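Chemist: This is the structure I have questions about; it appears just below.
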Amino acid sequence: AEQIKNKAQASGRFIVVQNSMSYDAPQVTVTIDRERAAALNLPIADIGRTLTLLVGGAEVAQFDRDSNSYDIIPQVPQEFRDNPEKLAQYFVRSASGEMVPLSAVVKISTNAAPAAIEQFNQLNSATITALPLPGVTTGDGLKAIEDIAKESLPGTFFIDYSGQSRQEKEQGNTILIAFVAAVLVIYLVLAAQFESFRDPLIIMMAVPLSIFGAIVPLNIGLGTLNIYTQVGLITLIGLITKHGILLVEFANQQRELHGMRRRDAIVASAKVRLRPILMTTAAMALGVVPLIISSGAGAAARYSMGLVIFTGILVGTMFTLFVVPMFYTFIASKDLPHHAEKPDPNLMPALQD
Numbered sequence: 111a112e113q114i115k116n117k118a119q120a121s122g123r124f125i126v127v128q129n130s131m132s133y134d135a136p137q138v139t140v141t142i143d144r145e146r147a148a149a150l151n152l153p154i155a156d157i158g159r160t161l162t163l164l165v166g167g168a169e170v171a172q173f174d175r176d177s178n179s180y181d182i183i184p185q186v187p188q189e190f191r192d193n194p195e196k197l198a199q200y201f202v203r204s205a206s207g208e209m210v211p212l213s214a215v216v217k218i219s220t221n222a223a224p225a226a227i228e229q230f231n232q233l234n235s236a237t238i239t240a241l242p243l244p245g246v247t248t249g250d251g252l253k254a255i256e257d258i259a260k261e262s263l264p265g266t267f268f269i270d271y272s273g274q275s276r277q278e279k280e281q282g283n284t285i286l287i288a289f290v291a292a293v294l295v296i297y298l299v300l301a302a303q304f305e306s307f308r309d310p311l312i313i314m315m316a317v318p319l320s321i322f323g324a325i326v327p328l329n330i331g332l333g334t335l336n337i338y339t340q341v342g343l344i345t346l347i348g349l350i351t352k353h354g355i356l357l358v359e360f361a362n363q364q365r366e367l368h369g370m371r372r373r374d375a376i377v378a379s380a381k382v383r384l385r386p387i388l389m390t391t392a393a394m395a396l397g398v399v400p401l402i403i404s405s406g407a408g409a410a411a412r413y414s415m416g417l418v419i420f421t422g423i424l425v426g427t428m429f430t431l432f433v434v435p436m437f438y439t440f441i442a443s444k445d446l447p448h449h450a451e452k453p454d455p456n457l458m459p460a461l462q463d
């Protein structure tokens, strides 16, 4: 574990790396010379019981005094317990009745050991915790730790995850499936709404560009790609798709009602829908500002989600106003009616010349 920690710290991907198993606690080891004890007719169990009574601090009985109960704990004086070498000065009675000094049958050594040994899934374990540098995603950090562990650990050891790392591993693939499913569902719903497979494709042309705008601040170190930014990206798909719907729907209406050409229809749509699109973008961008500037518990999660929505909606809107009209001009269906239907003046007075 310490070797993994040192290699991870030297990789230049982490601010700090910590290892829970630190050998900084003093430990006294008592080794019994079994052959010597057998030669002196001294049972091993008697040696163990003697050491337990001397330093174990176990309760052996209780006594009552003035209606209060007190524990009886046999121990040697504090100065002997503080200095393990002095324990060798005590004696143990052999089976023949002779008193044998502990120094004749035990060897006392002092070394460093972990203050506690952690358990994970009922197995002894050491926990490696690390804080990635700005611009290093949690996925990249986990991959670096995994590669180092494979090089350093013997075959009988393995690595597992807990907390946010486990969540990242378990949901890393599911969020990708959710991302693809979100795009597919939106496309199919739009195809049913517009009764066309071309119009949804035109509408969603701005989605990759908005995602690009959301990823840029992550690449320059303003955030990391985590579960919260991925949820924000899925939200961004729905928000940016709405802009395309406004443009394409109004352009189709102009072609159906006035027999306009594709280019003229989308230009007219862009002029009319510009204000609603900009107002919606401003409202959404300002709405996520509190997430970006929030503080306290959960601030990092809110910041990650707000950042991708804020930058993605701004960049996506800018590209929507140019990309959607361009693709509409070249991809939109040519099979719309070539004659204009005269609208009912009582139902649609706004379309009268």
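The sequence shown runs 111 to 463 under this note's numbering.
Each residue gets a CB set at the ideal place from its N, CA and C atoms; glycine is no exception.
The structure displayed is predicted, hence computed values, not measured ones.
Enumerate, from N- to C-terminal direction, the unbroken alpha helix (DSSP H) stretches of 4 or more residues contained entirely within the region 350-416.
Modeler: Entirely contained in the region 350-416, the alpha helix (DSSP H) runs reaching 4 residues are, in chain order, 372-397, 399-403.
Chemist: According to DSSP, simplified to helix, strand and coil, what is M131?
Modeler: Coil at M131, not helix or strand.
Chemist: For the candidate residues G122, P327, F307, I337, whose alpha-carbon lies nearest to that of K279?
Modeler: The option with the nearest alpha carbon to K279 is I337.
Chemist: Find the nearest neighbour of G158 within the set L241, A149, L212, judged by alpha-carbon distance.
Modeler: Comparing Cα-Cα distances from G158 to each of L241, A149, L212, the minimum goes to L212.
Chemist: For T334, which of helix, strand or coil comes out of DSSP?
Modeler: T334: coil per DSSP, three-state reduction.
Chemist: Run through the DSSP bridge pairs and tell me what Q229 is partnered with.
Modeler: Answer is N234, bridged to Q229.
Chemist: Among G273, V433, K115, L431, which residue has its Cα nearest to the Cα of E261?
Modeler: Of the listed residues, the one whose Cα sits closest to E261 is K115.
Chemist: Starting from the Cα of I218, find the closest Cα among R365, F230, L161, M428 and give me that residue.
Modeler: Closest by alpha carbon: L161.
Chemist: Would you kindly check if the distance between the Cβ of R383 and the Cβ of L356 is under 7 Å?
Modeler: In contact: L356 and R383 (Cβ atoms closer than 7 Å).
Chemist: Comparing alpha-carbon positions, which option in H368, G323, L335 lies nearest I347?
Modeler: Here the closest residue by C-alpha is G323.
Chemist: Please tell me whether T391 and T427 are closer than 7 Å, where the distance is taken between their beta carbons.
Modeler: Yes; because the gap between Cβ atoms is below 7 Å, this pair is in contact.
Chemist: Distance check for A135 and K117, CA to CA, integer angstroms please.
Modeler: When rounded, the distance between both Cα atoms is 24 Å.
Chemist: Alpha carbon to alpha carbon, what distance is there between R372 and L300?
Modeler: Rounded to whole angstroms, L300 to R372 spans 19 Å at the Cα level.
Chemist: Quick one: using the 10 Å Cβ neighbour count with 16 as the cut-off for buried, is I287 buried or exposed?
Modeler: I287 should be labelled exposed.
Chemist: Hey, quick one: how far does the beta strand (DSSP E) through T220 stretch, first residue to last?
Modeler: Segment 216-223, the beta strand (DSSP E) holding T220.
Chemist: Can you give the Cα-Cα distance for D192 and A168, rounded to whole angstroms?
Modeler: Cα to Cα, the separation comes out at about 17 Å.
Chemist: Should the region 199-215 be called in touch with the region 135-154, which here means at least 3 C-beta pairs below 8 Å?
Modeler: The region 199-215 is in contact with the region 135-154.
Chemist: Three-state secondary structure (DSSP) at Q75?
Modeler: This structure cannot settle anything about residue 75, because the visible part of the chain is limited to 111 through 463.
Chemist: Just the Cα atoms here: how many angstroms apart are I258 and V399?
Modeler: If I take the Cα positions, the gap works out to 39 Å.
Chemist: Please identify the residue among V434, M314, D181 whose C-alpha is closest to the C-alpha of E292.
Modeler: A small fix is needed here, since residue 292 is Ala in this sequence, not Glu. Here the closest residue by C-alpha is M314.
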